[in-house]
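Heads up: the sequence shown at position 30 corresponds to 34 in the numbering used here, and the numbers run straight through without jumps.
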Amino acid sequence: MMRLNMVPGTCLAAAVFVCIAAGAGYAQGVEFSGVLDSTVTLGAGAGAGFFYGVEEYANLRMTAKLREGVAFYGALNLTALAGSPAAAAAPAFTAGENYAAALELERLSFRLNGEYLDFDGGLMRIAFGYGQVFGSSDFLNPKNPLIPDARPRAVLGGTLSAYPADSLKLRLFGAAPKNPLSPDGAGGLLGIAGDRHGDRLSLQALYAFESPREDSPRGIHRLGLSLKADLSVGLVADLLYTRNPQAAFGPAGLSADAGFDYSFLDGDFYVLAEYLYNGAASSTSARGGNPGFSGEHFLYAALRYRVNDYTGLTLACLSCLGDGSLAPILTGEHELAQGFTLSLSAQAPLDRAVFSGGSGGELGPERTGSPFRFTAKARLRF
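Encoded structure:
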């Protein structure tokens, strides 16, 4: 019999979620939605041979309006895997006879809405910046352009939002440390962010302080700025400077991205490009084993062609400019029915080693583990 890999808190939350779902037919103001992804992956391994993967993933979301100005939010991830995804996920997933499975609590929060103040607390998404591809300011959940549809992770924390003017929003925020077993709160976050929205220009500034821990006894300071301009061409700039007083001051702490997007020929074509400077100690760096990038300079570009109202083709490419490695991705999407989409994608990482036998690059097949990968996904939204 399959057992889901859950910590006791997750088990309790899942039980509460299911109980609320069972009574949804009798409750007022309860809304359910979700996504079901059925994915098959085929590819060539970095060595000899091939690999396959099968994944069934569901994200179940619930919103309950308890009374005027009070709301509850919850979400669960249910996953069943076989093949290479199951091998990569072990031991986080519990393996059975035919598949490996897990249940994850993704969101569990509440909101209090007032006339001039809002408060959100719990396990929730705390997002920053306007960057579409790299998201330098979004340090709590760095983006990966190679996995554009990944669900943003949540953090356990809270935000207090104030609206002193129609176009101005101020936020005080806090989050628990990355290490949930830290008994003294080392690594906890406190900060403030402000957004100003105009007719064509939006600006966000933020400051966050991370409390001292073993590798940063004087704490860590983060200062961010993000700009978005809605002109005939959409422009965006996003940067975050991470300052550890124990380290030397310099560009290593800077993550900065800038780019544009543009639609033309009656919206049938859409182009997007964004550049990233990735300092070694920045929010987008892979330093210390964190998800991110190792090189300094990256460029992402994508071109989408709308065949008709139901079908689209996208050619995208992420490039590490320092070593010349590329990760091109070709994707086709077709809406079979309302809320039901089929997508096919092919990815073939390239670097100097592929063509000349030189050293491999960060985005090349040796580092990514596969010279070719084909993915078919059916997505059902409900």
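Every residue gets a Cβ at the ideal spot worked out from N, C-alpha and C, and that includes glycine.
For the candidate residues the options, whose alpha-carbon lies nearest to that of residue i?
i, options, result
"residue 214", "235, 241, 309 and 227", "227"
"residue 47", "103, 373 and 62", "373"
"residue 118", "168, 275 and 156", "168"
"residue 295", "303, 304 and 285", "285"
"residue 320", "122, 121, 77 and 137", "137"
"residue 342", "323, 382 and 375", "382"
"residue 126", "145, 385, 160 and 369", "160"
"residue 331", "365, 92, 216 and 384", "365"
"residue 185", "274, 217, 346 and 312", "217"
"residue 223", "231, 230, 212 and 229", "212"
"residue 206", "146, 75 and 241", "241"
"residue 307", "180, 327, 177 and 274", "274"
"residue 386", "361, 34 and 40", "40"
"residue 346", "379, 371, 151 and 363", "379"
"residue 33", "243, 75 and 255", "75"
"residue 210", "176, 151, 221 and 236", "176"
"residue 278", "291, 311, 92 and 323", "323"
"residue 143", "290, 55 and 91", "290"
"residue 221", "189, 309 and 310", "189"
"residue 152", "235, 318 and 310", "318"
"residue 43", "371, 361 and 348", "348"
"residue 299", "312, 236 and 371", "371"
What distance in whole Å lies between the Cβ atoms of residue j and residue i, which are believed to be in contact at a cut-off of 8 Å?
i, j, result
"residue 64", "residue 82", "7 Å"
"residue 113", "residue 128", "4 Å"
"residue 350", "residue 367", "Wrong, their Cβ atoms sit about 15 Å apart, outside the cutoff."
"residue 133", "residue 208", "6 Å"
"residue 87", "residue 62", "No, residue 87 and residue 62 are not in contact; Cβ-Cβ is about 19 Å, not under 8 Å."
"residue 135", "residue 230", "7 Å"
"residue 356", "residue 326", "Their Cβ separation, rounded to whole angstroms, is 12 Å, which puts residue 356 and residue 326 out of contact at 8 Å."
"residue 89", "residue 59", "5 Å"
"residue 344", "residue 384", "5 Å"
Only counting the same chain, and skipping five residues up and downstream in sequence, which positions put a Cβ closer than 8 Å to that of residue i?
i, result
"residue 29", "Legend: pLDDT at residue 29 = 45, less than 50; position of this residue unreliable, value from coordinates given subsequently. Excluding positions up to five away in sequence, the list is empty."
"residue 94", "104"
"residue 280", "137, 138, 140, 259, 260, 261, 288, 297, 301, 302, 303 and 304"
"residue 257", "245, 246, 247, 248, 251, 283, 285 and 286"
"residue 26", "Low per-residue confidence applies at residue 26: pLDDT is 49, beneath 50, and the placement is therefore not dependable, though the value from the model is reported in the following sentence. Contacts found: none."
"residue 243", "140, 141, 228, 229, 230, 258, 259, 260 and 261"
Taking 6 Å as the limit between beta carbons, can you name the residues of its chain near residue i, skipping five residues before and five after?
i, result
"residue 265", "238 and 276"
"residue 10", "Bear in mind that the predicted position of residue 10 carries a pLDDT of just 42, short of 50, making it too unreliable to give a figure here."
"residue 121", "166"
"residue 375", "48 and 369"
"residue 145", "156 and 157"
"residue 5", "Reliability fails at residue 5, whose pLDDT of 29 lies under 50, so the model's placement of it is uncertain and no value is given."
"residue 14", "Note on residue 14: pLDDT 47, under 50, position unreliable in the model; the coordinate value appears next. Answer for residue 14: 109, listed in chain order."
"residue 45", "57 and 379"
"residue 66", "36 and 78"
"residue 194", "178 and 213"
"residue 55", "47, 49 and 88"
"residue 354", "330"
"residue 310", "272 and 316"
Enumerate in chain order the residues of its own chain whose CB-to-CB distance from residue i is below 7 Å, with the five nearest sequence positions on each side excluded.
i, result
"residue 124", "113, 115, 162 and 163"
"residue 7", "With a pLDDT of 33 at residue 7, under the threshold of 50, the modelled position of this residue cannot be trusted; read the value that follows with caution. Excluding positions up to five away in sequence, the list reads 98."
"residue 314", "338 and 339"
"residue 182", "191"
"residue 158", "110, 111, 127, 128 and 129"
"residue 233", "204, 205 and 239"
"residue 255", "283"
"residue 352", "332, 375 and 376"
"residue 363", "356 and 357"
"residue 154", "148"
"residue 225", "213 and 247"
Any heavy atom of the ligand GTP inside 7 Å of the beta-carbon of residue i?
i, result
"residue 186", "As presented, the structure is devoid of all ligands, the ligand GTP included, so that no description of it is given."
Whole runs of the beta strand (DSSP E) within the segment 271-323, excluding any shorter than 3 residues:
For the segment 271-323, whole beta strand (DSSP E) runs of length 3 or above, ordered along the chain, are 273-282 and 301-310.
Quick check: the segment 96-104 against the segment 69-82, are at least 3 beta-carbon pairs closer than 8 Å?
Between the segment 69-82 and the segment 96-104 there are fewer than three inter-stretch CB-CB distances shorter than 8 Å, so the stretches are not counted as touching.
So, do the segment 198-206 and the segment 160-180 have three or more beta carbon pairs nearer to each other than 8 Å?
Taking one beta carbon from each stretch, the segment 198-206 and the segment 160-180 have 3 or more pairs nearer than 8 Å; the two touch.
Cβ contact check for the segment 258-274 and the segment 336-348: 3 or more pairs under 8 Å
Short answer: they don't touch.
Every unbroken beta strand (DSSP E) within the segment 124-190, with a cutoff of 3 residues, ordered by chain:
List check, beta strand (DSSP E) in window: 159-169 and 172-179.
Let me know the beta strand (DSSP E) ranges lying completely inside the segment 207-256, each 3 residues or longer, listed in chain order.
Listed in chain order, they are 224-234 and 238-247.
With a floor of 4 residues, list each alpha helix (DSSP H) that falls wholly inside the segment 350-383, ordered by position along the chain.
Taken in chain order, the complete alpha helix (DSSP H) segments of 4 or more residues contained in the segment 350-383 are 356-360 and 369-372.
Hey, which unbroken runs of the beta strand (DSSP E) at 3 residues or more fall wholly within the segment 47-119?
Runs found: 54-71, 74-87 and 104-117.
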